[in-house]
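> This structure is in structure tokens; I'll ask about it shortly.
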Amino acid sequence: MWAAFLLSPLLSFAWAQATHTVQPGETLFRIAQRYGTTVEALQALNGLQDPRRLRVGQVLRIEGAVPALRRLEPAPPPLRALTWSRETPQGRLAVVRLEAPVEISGWVRFLGRDHPIQHNRALLPIPAMQPPGVYPAELELEGGRLRLELRVVAGSFGRLVLWLPPERRALLLPERLRAERERVIAACDHGRPQLWQGPFRRPVSSNRITDPFGTRRSYDQGRTFTYHEGLDYGVPEGTPVYAPAPGVVGLAERLPVRGGAVVLDHGSGVCSGFWHLSRIVVTPGQRVRAGDLLGYSGNTGLSSGPHLHFELRVGGVPTDPAPWFLSVP
Ligand SMILES: [Zn+2]
């Protein structure tokens, strides 16, 4: 009964016009797995007599096939349909949306973390180093649990081998890095209601990005790789840095690695960070509007020249800020 309810026409929006062209070596089983459906559903939908007889180049209808939605317990009555990101590149955000006449509260457990459902939507950050593949997401809703599957695909990132003078390399001790990262994450209150509405503004007037998000970086001749957790703007020291969206200042202080640092909490688990500042003009707890001055760019902490590092964490996970300048989830 619930399956019929969930497979209402609303749910099929997620599958609108979905087709698949058969590639060499593919089987109906593999294709069914890829789209989170069953061989039987694809057979029925495409009128296939024999699932072993597929032609390369054959176009299969996927639309209307049973999605990878498994009911663990009865879903709550107001839930009419569910849509979610089919494929998400590493470092981007998958979004799960609930269609319901009322707000349904709950959590989504994904990649070992719990993400709140707010305004019938959950933001699921994909770590930049997450191996491509299919991962389960479990929805814990009032009165029910559902499980669906999200596909992570490879992003395209550059590689950079950096040389650091020995005194700066000493800043990269694992315990030191961990302590500072925990401080930055703790500055973000994941329960705060959402404060932004439209797309984010750029934090500086320049659009000169000297290093994008996700670049694989090595500080030790290529033996280990970390990745770039934000965007670097190549701006001279003393460039004004502005709030990209409304928020509350969660942190404003000097840190060993990040230098002059500000964290803004925008609500819904979304926080932005501004590192290597030469001067900070806000204080913790202060409310800011989009466009308010936070401080001035610099070259403090683990930095090899004047620039602004701007990052966006969702649920504590750094994700690519660039899409937020165009539209917000
Ligand atoms: Zn950076």
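Our numbering applies: residue 26 is where the sequence shown begins, and numbers increase by one. Using N, Cα and C, we set each Cβ at its ideal position, and we do this for glycine too.
(1) Nearest CA to the CA of E336: which residue from E254, S322, G284?
(2) Tell me the residue span of the beta strand (DSSP E) that contains I142.
(3) Mind checking who P265 pairs with in its DSSP beta bridge?
(4) Considering only C-alpha positions, which residue in the set F135, F299, N145 is nearest to R172?
(5) From the DSSP output, read off the bridge partner residues of D236.
(6) Spatial neighbours of V84 within its chain, please: C-beta separation below 6 Å, excluding the five flanking residues on both sides.
(7) According to DSSP, simplified to helix, strand and coil, what is F182?
(8) Evaluate P150 with the Cβ neighbour count: other Cβ atoms within 10 Å of its Cβ, from every protein chain shown; 16 or more gives buried, anything less gives exposed.
(9) R241: which of L319, G341, R201, Q155 sits nearest, CA to CA?
(10) Determine, using beta carbons only, whether V178 and P114 come nearer to each other than 8 Å.
(11) With a 10 Å radius around its C-beta and 16 neighbouring C-beta atoms as the bar for buried, classify R77 as buried or exposed.
(12) Ligand 3 and D236: does any heavy atom of the ligand fall closer than 7 Å to the residue's C-beta?
(13) When you measure from the CB of R330 to every non-hydrogen atom of ligand 1, does any distance come out below 7 Å?
(14) Please report how far the alpha carbon of G183 lies from the alpha carbon of R117, in whole angstroms.
(15) Out of L327, V288, I56, P218, point me to the one whose CA is closest to W188's CA.
(16) Look at the Cβ atom of G310, then the Cβ atom of V273, and state whether they are nearer than 8 Å.
(17) Under the criterion of a Cβ to heavy atom distance below 7 Å, does D75 qualify as lining ligand 1?
(18) To the nearest angstrom, report how far apart A93 and T251 are at their CA atoms.
(19) Are there 16 or more other CB atoms within 10 angstroms of the CB of L198, so buried, or fewer, so exposed?
(20) So for E167, helix, strand or coil by DSSP?
(21) In terms of DSSP beta bridges, what is G272 paired with?
(22) What separation, rounded to the nearest whole angstrom, lies between the Cα atoms of G142 and A347?
(23) Counting only the same chain and skipping the five closest in sequence on each side, list residues whose C-beta sits under 7 Å from that of S110.
(24) Tell me whether G82 counts as near ligand 1, meaning its Cβ is closer than 7 Å to at least one heavy atom of that ligand.
(25) What residues match up with T344 in a beta bridge as DSSP calls it?
(26) Considering only their Cβ atoms, is the gap separating D236 from D290 smaller than 8 Å?
(27) Please check the pair S303 and E262, which I expect to be a contact at CB under 8 Å, by giving their CB distance rounded to whole angstroms.
(28) Three-state secondary structure (DSSP) at A195?
(29) Can you give me the C-alpha to C-alpha distance between A69 and R86, rounded to a whole angstrom?
(30) May I ask which residues mark the beginning and end of the beta strand (DSSP E) holding L123?
(31) Can you tell me whether H144 is buried or exposed, with buried defined as 16 or more other CB within 10 angstroms of its CB?
(32) Judging by CA-CA distance, which residue of L185, A212, E165, P281 is the nearest neighbour of Q246?
Checking against the coordinates, here is how it stands:
(1) Counting from 1 along the sequence shown, the entry for residue 336 is found at position 311. When each option's Cα is compared against that of E336, the closest is E254.
(2) Numbered from its first residue, the sequence shown carries residue 142 at position 117. Counting along the chain, the beta strand (DSSP E) containing I142 begins and ends at 138 to 142.
(3) Indexing the sequence shown from 1 puts residue 265 at position 240. Note: P265 sits in a beta bridge opposite Y321.
(4) If you number the sequence shown from 1, residue 172 lands on position 147. Per the Cα distances, F135.
(5) The count along the sequence shown starts at 1 and reaches residue 236 at position 211. D257, per the DSSP bridge assignment.
(6) In the sequence shown, residue 84 corresponds to position 59, counting from 1. Around V84: T44, T46.
(7) On the sequence shown, position 157 is the one that residue 182 refers to. Correct three-state label for F182: coil.
(8) By 1-based counting over the sequence shown, the position of residue 150 is 125. By the 10 Å Cβ count, P150 comes out buried.
(9) Position 216 of the sequence shown, counted from the first residue, corresponds to residue 241. Cα-wise, what sits closest to R241 is Q155.
(10) The sequence position of residue 178 within the sequence shown is 153, counting from 1. The sequence position of residue 114 within the sequence shown is 89, counting from 1. Yes, they are a contact pair.
(11) Here residue 77 refers to the residue found at position 52 of the sequence shown. By the 10 Å Cβ count, R77 comes out exposed.
(12) Looking at this structure, you won't find ligand 3 anywhere; what it does contain is ligand 1.
(13) Indexing the sequence shown from 1 puts residue 330 at position 305. This sequence places Gly at residue 330; Arg is not what is there. G330: no, Cβ never under 7 Å from ligand 1.
(14) As a position in the sequence shown, residue 183 is number 158, starting the count at 1. As a position in the sequence shown, residue 117 is number 92, starting the count at 1. Using only the alpha carbons, I get a separation of about 16 Å.
(15) As a first step, residue 188 must be located in the sequence shown, where it is residue number 163. W188 has its Cα closest to that of L327, out of L327, V288, I56, P218.
(16) Position 285 of the sequence shown, counted from the first residue, corresponds to residue 310. Position 248 of the sequence shown, counted from the first residue, corresponds to residue 273. For G310 and V273, yes; Cβs fall inside 8 Å.
(17) Sequence index remark: in the sequence shown, residue 75 carries index 50 (1-based). No, ligand 1 has no heavy atom inside 7 Å of this Cβ.
(18) To locate residue 93, count along the sequence shown from 1; it is residue 68. To locate residue 251, count along the sequence shown from 1; it is residue 226. Note that A93 scores a pLDDT of 47, beneath 50, so its modelled location is shaky; the value from the coordinates is reported in the next line. Their Cα atoms are separated by approximately 33 Å.
(19) By 1-based counting over the sequence shown, the position of residue 198 is 173. With fewer than 16 Cβ atoms within 10 Å of its Cβ, L198 is classed as exposed.
(20) The count along the sequence shown starts at 1 and reaches residue 167 at position 142. Coil.
(21) The residue given as residue 272 occupies position 247 in the sequence shown. Per DSSP, V313.
(22) For the purposes of this step, residue 142 is identified with residue 117 of the sequence shown, where counting begins at 1. For the purposes of this step, residue 347 is identified with residue 322 of the sequence shown, where counting begins at 1. The residue asked about is misnamed: residue 142 is Ile in this sequence, not Gly. The straight-line gap from Cα to Cα measures roughly 23 Å.
(23) Sequence index remark: in the sequence shown, residue 110 carries index 85 (1-based). Around S110: A119, V120, L175.
(24) Position 57 of the sequence shown, counting from 1, holds the residue named residue 82. The answer is no for G82.
(25) What you label residue 344 is simply residue 319 of the sequence shown in a count that begins at 1. T344 pairs with L337.
(26) The residue given as residue 290 occupies position 265 in the sequence shown. The residue given as residue 236 occupies position 211 in the sequence shown. For D290 and D236, no; Cβs fall outside 8 Å.
(27) Reading the sequence shown from its first residue, position 278 is the one you call residue 303. Reading the sequence shown from its first residue, position 237 is the one you call residue 262. Yes, S303 and E262 are in contact; Cβ-Cβ is about 6 Å, under 8 Å.
(28) As a position in the sequence shown, residue 195 is number 170, starting the count at 1. If DSSP states are grouped into helix, strand and coil, A195 belongs with the helices.
(29) On the sequence shown, residue 69 is found 44 positions in, with the first residue counted as 1. On the sequence shown, residue 86 is found 61 positions in, with the first residue counted as 1. So the two alpha carbons sit approximately 10 Å from each other.
(30) If you number the sequence shown from 1, residue 123 lands on position 98. Segment 118 to 124, the beta strand (DSSP E) holding L123.
(31) For the purposes of this step, residue 144 is taken as the residue at position 119 of the sequence shown. H144 should be labelled exposed.
(32) Here residue 246 is taken as the residue at index 221 of the sequence shown, counted from 1. Measuring from the Cα of Q246, the nearest candidate turns out to be L185.
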